[in-house]
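Visitor: Got a structure for you, written out below as structure tokens; questions coming shortly.
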Amino acid sequence: MHGPNDPEVHVDGKLVVISIRGWGGMPTRGKLEPLNLPVSKVIISETPPEMCKTQESCSYWARVTQSRHMDTFNWGQIGYNFLVGGDGRIYEGRGWNYMGAHTRDNNNNSIGISFLGTFRRQEPTQKSLEACQLLIAQDLDNIGGGLILRFVERQQWLAQPPQKEIPDLELPVRLVIALPTNSENCNTQAICVLRVRLLQSYDIESSQKCDISYNFLIGGDGNVYVGRGWDKMGAHMNNIPYDSMSLSFAYIGSFKTIQPSAKQLSVTRLLLERGVKLGKIAPNYRFTASSKLMPSVTDFKADALYKSFANWTHWS
1 MHGPNDPEVH VDGKLVVISI RGWGGMPTRG KLEPLNLPVS KVIISETPPE MCKTQESCSY
61 WARVTQSRHM DTFNWGQIGY NFLVGGDGRI YEGRGWNYMG AHTRDNNNNS IGISFLGTFR
121 RQEPTQKSLE ACQLLIAQDL DNIGGGLILR FVERQQWLAQ PPQKEIPDLE LPVRLVIALP
181 TNSENCNTQA ICVLRVRLLQ SYDIESSQKC DISYNFLIGG DGNVYVGRGW DKMGAHMNNI
241 PYDSMSLSFA YIGSFKTIQP SAKQLSVTRL LLERGVKLGK IAPNYRFTAS SKLMPSVTDF
301 KADALYKSFA NWTHWS
């Protein structure tokens, strides 16, 4: 955290959050309502009247906004969770853990981020847009969490490029196969990214495959990590007939006795729905366990995972 009298800091490409104390704000009055995380929405707004481009002016307008909210509206704190300055800094409001007062009927399921200024005739600065993006990326474990479908693309998890051209799938597929990665589990994006990168390295370097085996990987953080994606044939079954006619959903972890997280199950439904909507999965698809197709392969054993889908309509 940085205060208003701190020396100028380089903010380009880095997340800099100024605490309430740092921007000279008043402490919270009374008790704020806790926010039930993860939230399903991030709501963006503007805070009139003027856009600011220095830490000094942004701190001033944050204090003006806070005074209006606390002294005029009698709120316990500034209404936003965070404010974004044109200087490329984030000004802390209620933070991640407390419900804001920014959007009626949506405060209990969202994070409110307000850009300092009015933007009907002018665009926000590039620095402020980048700062907002960095803020959201920093705490993705508090956003989404299986309630929304969020893909972590290959470039985001720093994937190696495929070692050779991968054959196309014939779409839509009628078979979607669930299987475990048999790696350690993960519950945050940072750890899930590490798991996915290690899996790709193993597949390429030890198993002599041209890429990570799976079409998609589903982490305990509720994110979907893009492997080979919708259009390319996987190598998940090591069986060309099955690989050429199916999409694979690989669950990061080992699930012989441990059940998948609620986030993993929720996002699975969303991913299946998206696949059907995009025409990648046939409406009458079959969702099944890899161990049911190839019972002799011990790596496919994941009873706790498969039991979680027992009552799903397309599971068989």
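Residues in the sequence shown are numbered from 1 upward in steps of one, following full-length UniProt numbering. Backbone N, C-alpha and C fix where the C-beta goes; we use that ideal spot for every residue, glycine too. Predicted model only: the values in this text are computed from it and were never measured.
Is DSSP giving residue 97 helix, strand or coil here?
Guide: As a working note, residue 97 is residue 97 in the sequence shown. Annotated three-state conformation of residue 97 is coil, per DSSP.
Visitor: Where do the ends of the beta strand (DSSP E) carrying residue 92 lie?
Guide: Numbered from its first residue, the sequence shown carries residue 92 at position 92. Residues 90-92.
Visitor: Identify the continuous alpha helix (DSSP H) that holds residue 21 and give its terminal residues.
Guide: Looking up residue 21 in the sequence shown gives position 21. From DSSP, residue 21 is part of no alpha helix (DSSP H); its letter is neither H nor E.
Visitor: Can you tell me whether residue 116 is buried or exposed? The criterion is at least 16 other CB atoms within 10 Å of its CB, across all chains shown.
Guide: The residue labelled residue 116 in the question sits at position 116 within the sequence shown. The residue is buried, with at least 16 neighbouring Cβ atoms inside 10 Å.
Visitor: With DSSP as the reference, label residue 168 as helix, strand or coil.
Guide: If you number the sequence shown from 1, residue 168 lands on position 168. Three-state DSSP puts residue 168 in a strand.
Visitor: Which word fits residue 201, buried or exposed, when buried means at least 16 other C-beta atoms lie within 10 angstroms of its C-beta?
Guide: Within the sequence shown, numbered from 1, the residue matching residue 201 stands at position 201. Classification of residue 201: exposed, given that the 10 Å Cβ count is below 16.
Visitor: Quick check on this structure: which residue in 234, 114 and 272 has the alpha carbon closest to the alpha carbon of residue 83?
Guide: On the sequence shown, residue 83 is found 83 positions in, with the first residue counted as 1. Ranking 234, 114 and 272 by Cα distance to residue 83 puts 114 first.
Visitor: So, at 6 Å on beta carbons, what are the nonlocal neighbours of residue 247 in its own chain, with the 5 sequence-adjacent residues on each side left out?
Guide: Stepping through the sequence shown from its first residue, residue 247 is reached at position 247. Around residue 247: 173, 176 and 215.
Visitor: What are the uninterrupted segments assigned as alpha helix (DSSP H) that are 4 or more residues long and contained completely in the UniProt domain "N-acetylmuramoyl-L-alanine amidase" (27-166), given in chain order?
Guide: 55-67 and 126-138
Visitor: Which partner residues does residue 248 have in the DSSP bridge list?
Guide: Position 248 of the sequence shown holds residue 248. Residue 248 has 177 as its beta-bridge partners, per DSSP.
Visitor: Excluding the five sequence neighbours on either side, which residues of its own chain have a C-beta within less than 6 Å of the C-beta of residue 315, listed in chain order?
Guide: On the sequence shown, residue 315 is found 315 positions in, with the first residue counted as 1. Here the set comprises 287 and 309.
Visitor: DSSP has residue 286 in a bridge; who is on the other side?
Guide: Position 286 of the sequence shown, counted from the first residue, corresponds to residue 286. DSSP output for residue 286 lists 175 as bridge partner(s).
Visitor: Below 6 Å CB to CB, which residues in the same chain sit around residue 276 once its five sequence neighbours on both sides are set aside?
Guide: What you label residue 276 is simply residue 276 of the sequence shown in a count that begins at 1. The residues are 283.
Visitor: Checking 7 Å against the spacing of the C-beta atoms, do residue 63 and residue 24 come in under that value?
Guide: To locate residue 63, count along the sequence shown from 1; it is residue 63. To locate residue 24, count along the sequence shown from 1; it is residue 24. Going by C-beta atoms, residue 63 is nearer than 7 Å to residue 24.
Visitor: Looking at the unbroken beta strand (DSSP E) that takes in residue 214, where does it start and where does it end?
Guide: Working through the sequence shown from its first residue, we reach residue 214 at position 214. Element bounds for residue 214: n/a, residue is neither H nor E.
Visitor: Quick one: Cα of residue 307 to Cα of residue 273, how far?
Guide: By 1-based counting over the sequence shown, the position of residue 307 is 307. By 1-based counting over the sequence shown, the position of residue 273 is 273. The straight-line gap from Cα to Cα measures roughly 20 Å.
Visitor: For residue 301, which of helix, strand or coil comes out of DSSP?
Guide: In the sequence shown, counting from the first residue as 1, residue 301 sits at position 301. The answer is coil: DSSP assigns residue 301 none of H, G, I, E or B.
Visitor: Using beta-carbon positions only, say whether residue 211 and residue 168 come within less than 7 Å of one another.
Guide: Here residue 211 is taken as the residue at index 211 of the sequence shown, counted from 1. Here residue 168 is taken as the residue at index 168 of the sequence shown, counted from 1. No, Cβ-Cβ distance for residue 211 and residue 168 is not below 7 Å.
Visitor: Could you tell me the alpha carbon to alpha carbon distance between residue 73 and residue 28, rounded to whole angstroms?
Guide: Start at 1 with the first residue of the sequence shown, and residue 73 comes out as number 73. Start at 1 with the first residue of the sequence shown, and residue 28 comes out as number 28. If I take the Cα positions, the gap works out to 14 Å.
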